[in-house]
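Asks:
Chains as they are written, first to last, in our numbering: chain A, 1 to 186; chain B, 187 to 278.
1) If we count the other Cβ atoms within 10 Å of its Cβ and call it buried at 16 or more, is residue 168/A buried or exposed?
2) Going straight from the alpha carbon of residue 144/A to that of residue 153/A, what length do you get?
3) Going by C-alpha to C-alpha distance, which of 149/A, 10/A and 38/A sits closest to residue 127/A?
4) Can you find a C-beta in chain B that's less than 8 Å from the C-beta of residue 64/A?
5) Look at residue 63/A and residue 49/A and say whether their C-beta atoms are less than 8 Å apart.
6) Beta carbon of residue 79/A, beta carbon of residue 36/A: below 8 Å?
7) Quick check: the stretch 170 to 179 of chain A against the stretch 193 to 208 of chain B, are there 3 or more CB pairs under 8 Å?
8) Look at the alpha carbon of residue 9/A and the alpha carbon of residue 74/A, and state the distance between them as a whole number of angstroms.
9) Just verifying my parser: in three-state terms, what is the DSSP assignment at residue 215/B?
10) Select from the stretch 125 to 148 of chain A all residues with a C-beta closer than 7 Å to any C-beta belonging to chain B, and list them in chain order.
11) Where do the N-terminal and C-terminal ends of the alpha helix (DSSP H) with residue 22/A fall, by residue?
12) With distances taken from CA atoms, which of 52/A, 43/A, 70/A and 155/A is nearest residue 7/A?
13) List the residues of chain A whose Cβ lies closer than 8 Å to the Cβ of residue 272/B, in chain order.
14) For residue 106/A, does the three-state DSSP call read helix, strand or coil?
15) At the level of alpha carbons, what is the spacing between residue 223/B and residue 138/A?
16) Relative to the alpha-carbon of residue 19/A, which residue among 58/A, 34/A and 46/A has its alpha-carbon at the smallest distance?
17) Counting C-beta neighbours from all protein chains within 10 Å, is the total for residue 155/A 16 or more, i.e. buried, or is it exposed?
18) Using 8 Å as the limit for Cβ to Cβ distance, is residue 204/B near chain A?
19) How far does the alpha helix (DSSP H) with residue 156/A in it extend, from its first residue to its last?
20) List the residues of chain B whose Cβ lies closer than 9 Å to the Cβ of residue 22/A, in chain order.
21) For a contact meaning CB atoms closer than 9 Å, what does residue 105/A contact in chain B?
22) Under the criterion of a Cβ to heavy atom distance below 7 Å, does residue 175/A qualify as lining the ligand PLP?
23) Quick one: list the residues of chain B neighbouring residue 76/A, beta-carbon separation under 8 Å, in chain order.
24) Can you name, in chain order, every residue of its own chain whose Cβ lies under 8 Å from the Cβ of residue 181/A, other than the five neighbours on each side?
25) In whole angstroms, give me the CA-to-CA distance for residue 260/B and residue 55/A.
26) Comparing C-alpha positions only, which one of 149/A, 106/A, 21/A and 176/A sits nearest to residue 131/A?
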């Protein structure tokens with residue numbers, strides 16, 4: 001259903017149309033996976049949580065109400081709640097590193113080119129994951145999804161100006177955090 | 187004045203450098219195709235079972251309504267017959 005708008009597909013999906021929900025899944029699965037992957041930092045949990053997001057969406061699609069925001073905002077909200085639970089559970093349990101984590105690759109690159117991060121990038125991603133949720137969300141939408149401030153505003157329920165301001169504050173906070181890390185290393 | 191401008195320039199350069207670092211660290215990744223396909227199939231199966239459950243629930247509700255209506259109709263008929271008998275037996 002590539003030519004149909006989200007609203008039309010949603011209307012069909014809420015009536016129990018299997019193909020319609022399948023179309024929504026195909027349209028959004030990569031975006032949700034990317035969001036969860038950058039929020040959690042590991043592939044296993046990203047796959048598990050992405051699956052849960054879509055199961056939950058499937059069970060609640062009939063009660064979905066259009067509030068004039070993009071459908072993806074609803075999916076991101078589900079993902080956000082599941083990630084919050086995941087963080088809470090993880091803080092209670094001992095974390096065991098997995099050696100057999102599946103490898104990923106950047107979009108547009110051949111599958112055999114495994115994603116390898118440099119030490120600086122690892123450090124930066126760790127700092128990003130320490131930021132408040134909404135700031136992480138903003139950075140993921142801006143850099144991973146390449147969205148404009150207006151589009152981000154629609155998803156986050158903020159004005160374009162508020163997004164711009166939040167982005168600026170986030171950069172400054174991140175810059176200070178990076179400087180702090182560099183000073184510690186020296 | 188010159189010092190202040192240089193300080194601002196340094197800050198701006200730092201922010202620009204940070205944006206560059208962010209764009210190389212936060213790039214879209216492709217999930218495993220095997221995962222996408224497997225999850226897609228699970229969702230289809232799950233959706234079918236949800237649909238079957240919903241239909242089954244409707245069947246049960248329809249059956250209950252029909253049973254209740256039959257019972258009510260039966261009771262009404264018995265009551266009417268009894269009432270008829272009582273009226274017949276009553277001396278004129």
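By construction, the Cβ of each residue, glycine as well, lies at the ideal position given by its N, Cα and C atoms. Only a predicted model underlies this, so the values are computations on that prediction, with no experimental measurement involved.
Replies: With the structure as the only source:
1) Walking along the first chain from the start, residue 168/A turns up at place 168. Taking a 10 Å sphere around the C-beta of residue 168/A, we find fewer than 16 other C-beta atoms and assign the residue as exposed.
2) Counting from one through the first chain, the residue named residue 144/A turns up at place 144. Counting from one through the first chain, the residue named residue 153/A turns up at place 153. Note on geometry: alpha-carbon atoms of residue 144/A and residue 153/A lie some 16 Å from one another.
3) Within the first chain, residue 127/A is the residue found at index 127, counting from 1. For the residues 149/A, 10/A and 38/A, the minimum Cα distance to residue 127/A belongs to 38/A.
4) Within the first chain, residue 64/A is the residue found at index 64, counting from 1. So, not an interface residue.
5) Position 63 of the first chain, counting from 1, holds the residue named residue 63/A. Position 49 of the first chain, counting from 1, holds the residue named residue 49/A. In terms of Cβ geometry, residue 63/A and residue 49/A do not form a close pair [threshold 8 Å].
6) Within the first chain, the letter at position 79 stands for residue 79/A. Within the first chain, the letter at position 36 stands for residue 36/A. For residue 79/A and residue 36/A, yes; Cβs fall inside 8 Å.
7) Between the stretch 170 to 179 of chain A and the stretch 193 to 208 of chain B, the count of Cβ pairs shorter than 8 Å is three or higher; the stretches touch.
8) Working through the first chain from its first residue, we reach residue 9/A at position 9. Working through the first chain from its first residue, we reach residue 74/A at position 74. For the pair residue 9/A and residue 74/A, the Cα-to-Cα distance works out to about 15 Å.
9) Here residue 215/B corresponds to residue number 29 of the second chain, with the count starting at 1. Reduced to three states, the DSSP call for residue 215/B is strand.
10) The stretch 125 to 148 of chain A vs chain B, Cβ under 7 Å: 125, 139, 140, 143 and 144.
11) In the first chain, counting from the first residue as 1, residue 22/A sits at position 22. Per DSSP, residue 22/A is one residue of the alpha helix (DSSP H) stretching across 18 to 40.
12) Residue numbering aside, residue 7/A sits at position 7 when the first chain is read from its first letter. In terms of Cα proximity to residue 7/A, the closest of 52/A, 43/A, 70/A and 155/A is 70/A.
13) As a position in the second chain, residue 272/B is number 86, starting the count at 1. The CB of residue 272/B never comes closer than 8 Å to any CB in chain A; the least such distance is about 53 Å.
14) As a position in the first chain, residue 106/A is number 106, starting the count at 1. In this structure, residue 106/A counts as strand in the three-state DSSP scheme.
15) As a first step, residue 223/B is located in the second chain; it is residue number 37 there, counting from the start. As a first step, residue 138/A is located in the first chain; it is residue number 138 there, counting from the start. The C-alpha of residue 138/A is placed about 29 Å away from the C-alpha of residue 223/B.
16) Taking the first chain and counting its residues from 1, one reaches residue 19/A at position 19. When only C-alpha atoms are compared, the closest one is 58/A.
17) Your numbering for residue 155/A matches position 155 in the first chain. Residue 155/A should be labelled buried.
18) Within the second chain, residue 204/B is the residue found at index 18, counting from 1. Answer yes: the Cβ-Cβ gap between residue 204/B and chain A drops below 8 Å somewhere.
19) Working through the first chain from its first residue, we reach residue 156/A at position 156. Note, residue 156/A: alpha helix (DSSP H), 149 to 156.
20) Numbered from 1 along the first chain, position 22 holds the residue referred to as residue 22/A. Close to residue 22/A, with beta-carbon spacing below 9 Å, are these residues of chain B in chain order: 226, 229, 230 and 233.
21) Mapped onto the first chain, residue 105/A falls at position 105. In chain order, 215 and 216 make up the part of chain B whose C-beta sits under 9 Å from the C-beta of residue 105/A.
22) This structure does not include the ligand PLP; it has no bound ligands of any sort.
23) The residue labelled residue 76/A in the question sits at position 76 within the first chain. Neighbours of residue 76/A in chain B, taken as residues whose beta carbon is under 8 Å from its own, are absent, since the nearest beta carbon is some 15 Å off.
24) Position 181 of the first chain, counted from the first residue, corresponds to residue 181/A. Excluding residues within five positions, the ones whose Cβ falls inside 8 Å are 123 and 127.
25) Here residue 260/B corresponds to residue number 74 of the second chain, with the count starting at 1. Here residue 55/A corresponds to residue number 55 of the first chain, with the count starting at 1. Those two C-alpha atoms are separated by around 46 Å.
26) Taking the first chain and counting its residues from 1, one reaches residue 131/A at position 131. Closest by C-alpha distance to residue 131/A, out of 149/A, 106/A, 21/A and 176/A, is 176/A.
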